[in-house]
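Numbering (the working numbering), first residue to last: 35 to 481.
Quick reminder that beta carbons are idealized off the backbone N, C-alpha and C, glycines included.
These figures come from a predicted structure and were not determined experimentally.
Worksheet for the structure shown next.
Below you can see the structure in the form of structure tokens.
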């Protein structure tokens, strides 16, 4: 009660107003200290457990024109890799955020004498009062210079298709550098730049893994770049590295004592804990079933689900369907069943079989449930579905980057030509007004 705010556990690097909102954040890099003024709060995780992720849009106190995104999170120290590390490996890759600063936040530690420059970690308190099986988390802060808005603010069909095409290309380039995203969702696909030349942006590399040579995306070990290396040079070739173990949830998974066997493939619970990452709605069916290791094709399948979800959720540029829109349909879209929290929490395998059942009648279950605005996309969507699941084998995908990019590029060029023809004939395209308050935010698009 009588201790100062730092002693009580408050972050000394942030300043709050009377309402408890963050108004400024100090970021201490290896060479300088920068104070950022918060412009708006974009995301605050509300769960009692997890990484407590918070995201703000801010600007430098010395340069109001320098607008940045600041991401605070508390990942487990047992996590194989840090988002900053993955983004450092993707320096100069088009379509991913660019890192300005990446740090582990430091605070004071109280004992007989207060100690400065101590890493802000849950272990500072838990080592005294909690059992040893708690996961220790460190306070990470990431400053990025790339701003984006949610993809549902697309202005034309070509812009929507182009955004997904850009994200697929960014994912391809990331894989070429050994980085597998593993958490594709619609909220992680953004638009960046200014209209009419906006591009797609792939964000949130929190769950990404690095692929060593002759390895499968870091499942034995990964190279970890120190924050100091990232801030000084954004990890140029030859930076010093160290090797760490990769399974964040091994202790938790080992207690479940369950295995899945299918077609001669068996993944134990430790393996499953690492493979089944992301939002269940978008996770590939083979990963939900536990029959395959996470590969780039599974992320491409997740991009397909994100695109399909967008066509169910949107009803035009900048507009999303509401409850009344869904009730006006003869029956509710099957994709709503993918939001069953009870299924998500109890059995990923059941979620996989629900998805596969819906794909048995793709035309009725999905094509006919889309808003009429997307009618001209029907042939393209059928081709994309056929490429994703060949021979109606919906338990495993056969996508690759070249195939998917060719499909999206062909449709993109067709739409561009059609939109140009409409403009030449004097038929104005419908444009959505971009809501400036929606930069990098996230929301549920379906009721």
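Alpha carbon of residue i to alpha carbon of residue j, nearest angstrom
i           : j           : result
residue 374 : residue 141 : 41 Å
residue 328 : residue 239 : 15 Å
residue 214 : residue 408 : 31 Å
residue 53  : residue 182 : 27 Å
residue 84  : residue 138 : 17 Å
residue 62  : residue 103 : 16 Å
residue 410 : residue 430 : 28 Å
residue 241 : residue 459 : 48 Å
residue 88  : residue 77  : 5 Å
residue 48  : residue 235 : 28 Å
residue 481 : residue 225 : With a pLDDT of 35 at residue 481, under the threshold of 50, the modelled position of that residue is not reliable, and the figure given next carries that caveat. Cα-Cα distance, rounded: 23 Å.
residue 330 : residue 369 : 24 Å
residue 406 : residue 316 : 24 Å
residue 427 : residue 320 : 11 Å
residue 388 : residue 97  : 52 Å
residue 72  : residue 222 : 22 Å
residue 231 : residue 190 : 11 Å
residue 324 : residue 414 : 30 Å
residue 322 : residue 332 : 11 Å
residue 93  : residue 396 : 47 Å
residue 494 : residue 237 : No statement about residue 494 is possible, as the shown extent of the chain runs from 35 to 481 and does not include it.
residue 342 : residue 115 : 30 Å
residue 100 : residue 122 : 20 Å
Check: residue i C-beta below 7 Å from any heavy atom of the ligand PLP
i           : result
residue 415 : This structure simply doesn't include the ligand PLP, nor any ligand for that matter.
Helix, strand or coil at residue i according to DSSP, with G and I counted as helix
i           : result
residue 3   : Nothing can be reported for residue 3: it is not among the residues displayed for the chain, which extend from 35 to 481.
residue 243 : strand
residue 21  : As displayed, the chain neither begins before 35 nor continues past 481, which places residue 21 out of reach and without an answer.
residue 416 : helix
residue 127 : coil
residue 492 : Missing from the structure shown is residue 492; the chain here goes from 35 to 481 and no further.
residue 421 : helix
residue 174 : strand
residue 118 : helix
residue 192 : helix
residue 82  : coil
residue 218 : coil
residue 65  : coil
residue 106 : strand
residue 315 : helix
residue 112 : coil
residue 327 : coil
residue 374 : coil
Terminal residues of the beta strand (DSSP E) in which residue i lies
i           : result
residue 34  : The displayed coordinates of the chain run from 35 to 481. Any statement about residue 34 would go beyond what the structure contains.
residue 62  : 56-62
residue 89  : 88-94
residue 47  : Taken as a continuous stretch (DSSP letters only), residue 47 belongs to no beta strand (DSSP E), as it is neither H nor E.
residue 224 : 223-226
residue 137 : 133-138
Bounding residues of the alpha helix (DSSP H) (the contiguous stretch that carries residue i)
i           : result
residue 442 : 435-458
residue 383 : 382-393
residue 341 : 330-347
residue 320 : 319-323
residue 357 : 357-361
residue 399 : 396-399
6 Å Cβ shell around residue i - same chain, five flanking residues per side excluded
i           : result
residue 418 : 441
residue 75  : 90
residue 212 : 244, 245
residue 313 : 219
residue 456 : none
residue 435 : 206
residue 227 : 233
residue 437 : 421
Cut-off 7 Å between Cβ atoms - residues of its own chain near residue i, not counting five sequence neighbours on either side
i           : result
residue 192 : 446, 449, 450, 453
residue 135 : 61, 63, 177, 265
residue 69  : 58, 60, 95
residue 179 : 102, 132, 134
residue 354 : 186, 347, 348, 479
residue 392 : 368, 399
Contact set for residue i: own chain, Cβ-Cβ below 8 Å, skip 5 residues either direction
i          : result
residue 51 : 57
residue 79 : 85, 86, 87, 88
residue 67 : 60, 61
Residue-chain proximity (residue i, chain B), Cβ-Cβ < 8 Å
i           : result
residue 209 : Considering every chain present, this structure includes no chain B. It has just one protein chain.
Is the number of C-beta pairs between the stretch 197-207 and the stretch 170-179 that are closer than 8 Å three or more?
-> With the cut-off at 8 Å, the stretch 197-207 and the stretch 170-179 do not touch.
- Meets three-Cβ-pair contact criterion under 8 Å: the stretch 125-132 and the stretch 205-219: Between the stretch 125-132 and the stretch 205-219, the count of C-beta pairs closer than 8 Å reaches three or more; the two stretches touch.
With a cut-off of 8 Å, do at least 3 Cβ pairs link the stretch 383-399 to the stretch 342-351?
-> These segments do not touch.
(message) Would you call the stretch 181-192 in contact with the stretch 105-118, where contact means no fewer than 3 C-beta pairs closer than 8 Å?
(response) With the cut-off at 8 Å, the stretch 181-192 and the stretch 105-118 do not touch.
Hey, is the stretch 412-431 in contact with the stretch 358-365, meaning 3+ C-beta pairs nearer than 8 Å?
With a cut-off of 8 Å, the stretch 358-365 and the stretch 412-431 do not count as touching, because too few Cβ pairs lie within range.
### Query
Taking contact to mean at least 3 C-beta pairs separated by less than 8 Å, is the stretch 192-200 in contact with the stretch 329-336?
With contact defined as three or more Cβ pairs closer than 8 Å, the stretch 192-200 and the stretch 329-336 are not in contact.
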